[in-house]
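Novice: Residues 1 to 362, numbered by UniProt numbering, are exactly what the sequence shown covers, in order. My questions all concern the structure below.
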Amino acid sequence: MVIPVYVNGKGPFDFVLDTGVGPMIITDPSIIDSLNFSLLRKIKVSGLGIEPVEAFVSQSLDVKVGSANIARIPTAILKEDLFNLSGHLGLKIYGLLGYSFFNSFIVDVRYNESRLIIYDRDAKIKYNGVKIPIEIENQKPYLIGNVELSDGKPVTARFLMDTGASHALSLEMLQGSEFPLPEKKIKANLGMSISGQIKGYVGRVAKLKLGNYVFNDVVTGFPDFKTIAEKINLSKRNGNLGADLLRKFNIQFNYREGFIYVKPNGFTKLPFEYDMVGMVIYLDQKEYKRVLIGEIDENSPAEKAGLCPDDEIIAVNFKSIDAYSLNELSEMFKSKADRNVIFEIFRDNQVYFKVVRLEKRI
Numbered sequence: 001m002v003i004p005v006y007v008n009g010k011g012p013f014d015f016v017l018d019t020g021v022g023p024m025i026i027t028d029p030s031i032i033d034s035l036n037f038s039l040l041r042k043i044k045v046s047g048l049g050i051e052p053v054e055a056f057v058s059q060s061l062d063v064k065v066g067s068a069n070i071a072r073i074p075t076a077i078l079k080e081d082l083f084n085l086s087g088h089l090g091l092k093i094y095g096l097l098g099y100s101f102f103n104s105f106i107v108d109v110r111y112n113e114s115r116l117i118i119y120d121r122d123a124k125i126k127y128n129g130v131k132i133p134i135e136i137e138n139q140k141p142y143l144i145g146n147v148e149l150s151d152g153k154p155v156t157a158r159f160l161m162d163t164g165a166s167h168a169l170s171l172e173m174l175q176g177s178e179f180p181l182p183e184k185k186i187k188a189n190l191g192m193s194i195s196g197q198i199k200g201y202v203g204r205v206a207k208l209k210l211g212n213y214v215f216n217d218v219v220t221g222f223p224d225f226k227t228i229a230e231k232i233n234l235s236k237r238n239g240n241l242g243a244d245l246l247r248k249f250n251i252q253f254n255y256r257e258g259f260i261y262v263k264p265n266g267f268t269k270l271p272f273e274y275d276m277v278g279m280v281i282y283l284d285q286k287e288y289k290r291v292l293i294g295e296i297d298e299n300s301p302a303e304k305a306g307l308c309p310d311d312e313i314i315a316v317n318f319k320s321i322d323a324y325s326l327n328e329l330s331e332m333f334k335s336k337a338d339r340n341v342i343f344e345i346f347r348d349n350q351v352y353f354k355v356v357r358l359e360k361r362i
């Protein structure tokens, strides 16, 4: 979820609402030109497959979201955007807002309305749905759920709630080693995180239970264990729940008292689907207007159709690319198996047409 944020009275700037981060992170330092960076403490930020970059730490920024204010919010200011959030989300993103925001208020996230309601943390409000306890550890929320593995064995697991991640479910570790992979799976680029590009496999788990709710055939990422274990402390969790699952509820967060309330919404009964094209698309980082193809999965429909990394998409189904948002394209790419999607691309100063037949790969 992207929300408008005012920083030191300026804005609004679009930020990602992300329970997976602690301090506020600013990815475009131009929005706070009033700061004297020479007086700020420096830290190094590193991730998967990237060189460490310099960041500054500040506690002098004031933030406003709607009518809610946070004074002197802890902030990490990156000198450069490590993960091209703007390019991957399709709109200019200036940062991420996490723990300090959620811990200051009772936050009601209504995914089906694209709406956020913010209450003072001492407010007496009506909670809706089912109460689920959460634990806040290292400024991040965790909850307990159950997954059923491919052999039918149920496993109790501890999950990070990660509203900033686009996937439904990621299973990372079981008893100190990688999670058992399902029989049907594909190698895939699992997306971007604050830790960088994530590689691994995608499959499905038979069941996921959260509180009183059970989900079937959940699309699940299985990140490469050795790679992420070197960069991320997995000792406190087995995986994480991302926005594609969390959006099936309207969620009321109460960090201070250690619980959430979840209530099913209009997205709850929609089946979990995975990209049926097999490629990453993003906006160029200069003007955020050109739609480019990034990595392409091996043996995917995109590869079979002859699409290549760095191709520029100029039209889809004979409509200019300007008519689509990245989210609309992503939804199209997982809409219906055996559907044909016609791409008009620009490569090496020539225009080509490529027909991709959508394929349910898992």
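Note that CB positions come from ideal geometry on N, CA and C, so glycine has one too. Being a predicted model, the structure only gives us computed values, none of them experimental.
(1) Tell me the start and end of each unbroken beta strand (DSSP E) in the segment 306-334 that is at least 3 residues and wholly inside, in chain order.
(2) Contact defined as beta carbons within less than 8 Å: I believe Asn-240 pairs with Asp-162. What is the distance between those atoms, to the nearest angstrom?
(3) Considering only the beta carbon of each residue, do Arg-204 and Val-219 sit closer than 9 Å?
(4) Straight-line CA distance for Lys-336 to Ala-71?
(5) Which one or two residues does DSSP pair with Lys-79 in a beta bridge?
(6) Ends of the alpha helix (DSSP H) at Ser-30?
(7) Taking the straight line between their C-alpha atoms, what separation do you get for Phe-222 and Gly-176?
(8) Taking C-beta to C-beta, are Ile-25 and Leu-78 nearer than 9 Å?
(9) Any idea if Ser-270 is buried or exposed, counting beta-carbon neighbours within 10 angstroms, 16 or more meaning buried?
(10) Terminal residues of the continuous beta strand (DSSP E) containing Asp-244?
(11) Fully enclosed by the segment 147-196, which beta strand (DSSP E) runs are 3 residues long or longer?
(12) Could you name the residues of the same chain whose beta carbon sits closer than 8 Å to that of Val-65, not counting the 5 residues immediately before and after it, in chain order?
(13) Residues in the same chain with beta-carbon distance under 8 Å from Glu-298, minus the five sequence neighbours each way, listed in chain order, please.
(14) Three or more C-beta pairs under 8 Å: does that hold for the segment 282-289 against the segment 152-171?
(15) Would you call the segment 119-126 and the segment 145-160 in contact, with 3 or more CB pairs under 8 Å?
(16) Buried or exposed for Lys-140, going by 16 or more other Cβ atoms inside 10 Å?
(17) Over the uninterrupted beta strand (DSSP E) stretch that includes Pro-264, give me the two end residues.
(18) Does DSSP classify Thr-227 as helix, strand or coil?
(19) If I follow the unbroken beta strand (DSSP E) through Gly-294, where does it start and stop?
(20) Which residues in the same chain have their Cβ closer than 6 Å to the Cβ of Arg-339, if we skip the five residues on either side of it in sequence?
(21) For Ser-58, name the three-state secondary structure that DSSP assigns.
(22) Excluding sequence positions up to five away, which residues of its chain have a Cβ less than 8 Å from the Cβ of Pro-12?
(23) Does Thr-75 pass the burial test, meaning 16 or more other C-beta atoms within 10 Å, or should it be called exposed?
(24) What are the start and end residues of the beta strand (DSSP E) that includes Tyr-6?
(25) Got a sec, what are the start and stop residues for the alpha helix (DSSP H) Lys-304 sits in?
(26) Hey, would you say Leu-85 sits closer than 9 Å to Ile-73, going by beta carbons?
(27) Please state if the CB of Asp-224 and the CB of residue 390 are separated by a distance shorter than 9 Å.
(28) Please report how far the alpha carbon of Asn-212 lies from the alpha carbon of Asn-349, in whole angstroms.
(29) Identify which residue in Val-155, Ile-228, Met-279 has its Cα closest to the Cα of Asp-310.
(30) Have a look at Asn-36 and Phe-159 and give me their C-alpha separation to the nearest angstrom.
(31) Take the Cβ of Pro-23 as the centre, count every other Cβ of all protein chains shown within 10 Å, and call the residue buried at 16 or more, exposed below.
(32) Identify, in the order they occur along the chain, each residue of the same chain with its Cβ nearer than 6 Å to the Cβ of Ile-314, setting aside the five sequence neighbours on each side.
(33) With the cut-off set at 9 Å, would you say Phe-15 and Tyr-94 are in Cβ contact?
(34) Who does Val-341 pair with in a DSSP beta bridge?
(35) Considering just the uninterrupted stretch of the beta strand (DSSP E) at Phe-13, what are its terminal residues?
(36) Can a CB atom of chain D be found closer than 9 Å to the CB of Lys-131?
Specialist: The answer reads as follows:
(1) 312-316
(2) Confirmed, about 5 Å.
(3) yes
(4) 47 Å
(5) DSSP output for Lys-79 lists no bridge partner at all.
(6) Premise fails: Ser-30 is in no alpha helix (DSSP H) and is neither H nor E.
(7) 15 Å
(8) yes
(9) The sequence shown places Leu at residue 270, not Ser. With fewer than 16 Cβ atoms within 10 Å of its Cβ, Leu-270 is classed as exposed.
(10) Counting along the chain, Asp-244 falls outside any beta strand (DSSP E), though it belongs to the alpha helix (DSSP H) covering 243-246.
(11) 154-161, 169-171, 186-193
(12) Ile-3, Pro-4, Val-5, Tyr-6, Leu-97, Phe-101, Leu-116, Ile-118
(13) Lys-187
(14) Taking 8 Å as the limit for Cβ pairs, the verdict is that the segment 152-171 does not touch the segment 282-289.
(15) no
(16) buried
(17) 259-264
(18) helix
(19) 291-296
(20) Hits under 6 Å: Leu-358.
(21) strand
(22) Pro-4, Val-5, Tyr-6
(23) buried
(24) 2-7
(25) 301-304
(26) Taking the C-beta atoms as reference points, Ile-73 is found no nearer than 9 Å to Leu-85.
(27) The question about residue 390 has no answer, for the chain in this structure spans 1 to 362.
(28) 56 Å
(29) Met-279
(30) 39 Å
(31) buried
(32) If you ignore the 5 residues before and after Ile-314, its C-beta comes within less than 6 Å of the C-beta of Ile-321, Glu-344, Phe-346, all in its own chain and listed in chain order.
(33) yes
(34) Val-356
(35) 10-17
(36) Absence of chain D from the displayed structure is noted, only one protein chain being present.
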